[in-house]
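Reminder that position 56 of the sequence shown reads as 56 in UniProt numbering, one-by-one numbering, no gaps.
Glycine is no exception: its CB is placed at the ideal position from the N, C-alpha and C atoms.
Fair warning: this is a prediction, and the values are worked out from it, not measured in the lab.
A short write-up of the structure that comes next.
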Amino acid sequence: MWADAVKRKLKGTTEEIPIQPVIEPSTLVITIQRHERYRSVIGIPAFRLYMKLKREKLKEVKRDILLGLIPDTFRTTLHYHEENNKVYERRKKTRLKIQKTYLKELEKENTRIIMFKKGNHIDDITDEIRNWFEEW
């Protein structure tokens, strides 16, 4: 935009428009040396400090992964079919466990409620059966 405005202003003249400011070689060398000095004084120690902090942070993250405080992002996860099979296995185990407990409770109930009928009178004979097994 600035160059266009200058071109319009100098349209009738044959004067060239400077694109970049002209820098003498001596000032260019001084500028480069100053830049190198600033870089060595400020930039390099700052970069070293940054890299030191980065290495420490990486060590802390690895330690936390090993301790299990944070999940490992690079750990391979199970595929869909394997996860699905695990869910089915868990359901099967719980179903079998419930079935076993049901059968135990049913057997316990059947042994407790062995009854016989005498007319309209119903008696619980569990204790009698236990005594009979002890004597036998």
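Ignore the nearest five residues each way along the sequence and tell me which others in E60's own chain have a CB closer than 8 Å to its CB. Numbered from 1 along the sequence shown, position 60 holds the residue referred to as residue 60. Taking E60 as the centre and dropping the five residues before and after it, the same chain places no C-beta closer than 8 Å to its C-beta.
Suppose the cutoff is 6 Å on Cβ atoms and the five residues either side in sequence are ignored; what does the same chain contact list for I70 look like? Sequence index remark: in the sequence shown, residue 70 carries index 70 (1-based). Cβ within range, chain order: D64.
Range of the contiguous alpha helix (DSSP H) that encloses T126: Position 126 of the sequence shown holds residue 126. T126 -> alpha helix (DSSP H) spans T126 to E135.
Could you please give the first and the last residue of the uninterrupted alpha helix (DSSP H) stretch that includes D64? Reading the sequence shown from its first residue, position 64 is the one you call residue 64. I44 to L67 is the span of the alpha helix (DSSP H), which, as asked, contains D64.
Grouping DSSP H, G and I as helix and E and B as strand, with all else coil, what is D75? Counting from one through the sequence shown, the residue named residue 75 turns up at place 75. Note that residue 75 corresponds to Arg in the displayed sequence, not to Asp. Correct three-state label for R75: coil.
Do the CB positions of T101 and T111 come within less than 8 Å of each other? Here residue 101 corresponds to residue number 101 of the sequence shown, with the count starting at 1. Here residue 111 corresponds to residue number 111 of the sequence shown, with the count starting at 1. With respect to T111, T101 sits apart: the two C-beta atoms are not nearer than 8 Å.
Consult DSSP for I70 and reduce its assignment to one of helix, strand or coil. Numbered from its first residue, the sequence shown carries residue 70 at position 70. In the three-state DSSP reduction, I70 falls in the coil class, being neither helix nor strand.
Expressed to the nearest angstrom, what Euclidean distance is found between the alpha-carbon atoms of V29 and F74? Working through the sequence shown from its first residue, we reach residue 29 at position 29. Working through the sequence shown from its first residue, we reach residue 74 at position 74. Roughly 50 Å between the two C-alpha positions.
H79 to G68 span [Cα, whole Å]: Translated into the one-based positions of the sequence shown, residue 79 becomes position 79. Translated into the one-based positions of the sequence shown, residue 68 becomes position 68. Those two C-alpha atoms are separated by around 22 Å.
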